[in-house]
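Residue numbering for the sequence shown is 3 to 118, as defined by this note's numbering. Built from N, CA and C at the ideal position, the CB exists for glycine as well. Just so we're clear, the structure is a prediction, and the values are computed from it rather than from any experiment. This report refers to the structure that appears directly beneath it.
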Amino acid sequence: MFAPFGVFLATALLLYLTGKAQWNNGENLELSASLVDLGAVLYAMVAVLVERGVRMWFWALDERRKWREKWRTEARSEGVAEGRAEGRAEAEREFEEWLRRMAQEKGIALDDLPPR
3 MFAPFGVFLA TALLLYLTGK AQWNNGENLE LSASLVDLGA VLYAMVAVLV
53 ERGVRMWFWA LDERRKWREK WRTEARSEGV AEGRAEGRAE AEREFEEWLR
103 RMAQEKGIAL DDLPPR
């Protein structure tokens, strides 16, 4: 859809770069007609670079999103595991404290109990 406009602009740019950018005489019209093929090739090259560049940009953004999601999932699972380990350690400390308090209230010496 944009190819005719792109070829026209590329040809006009080539004609401008030759220094003969006047359209009102036949000699320059023949020169511009001879530059159309080169203008089409230049436009196609630019269009492919832009199209691939945009696709590559979105691909890179998608890969970044996947990497960040994976990293967050791993960090979350590590955090949950650490939280569970800390929770267990805290529960064991609370149980030991409760056991010492109960043993002291009942007059039981914990050092006299057999080891587990």
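My output table needs one value for residue 3: the three-state DSSP class, helix, strand or coil.
Taking the sequence shown and counting its residues from 1, one reaches residue 3 at position 1. Three-state result, residue 3: coil.
Buried or exposed, going by whether 16 or more other CB atoms sit within 10 Å of the CB of residue 89?
The residue labelled residue 89 in the question sits at position 87 within the sequence shown. Residue 89 should be labelled exposed.
Here's the rule I'm using: 16 or more other beta-carbon atoms within 10 Å means buried, otherwise exposed. How should residue 36 be labelled?
Your numbering for residue 36 matches position 34 in the sequence shown. Exposed.
Could you check if residue 62 is buried or exposed, using at least 16 other CB atoms within 10 Å of its CB as the buried criterion?
Working through the sequence shown from its first residue, we reach residue 62 at position 60. Flag for residue 62 reads exposed.
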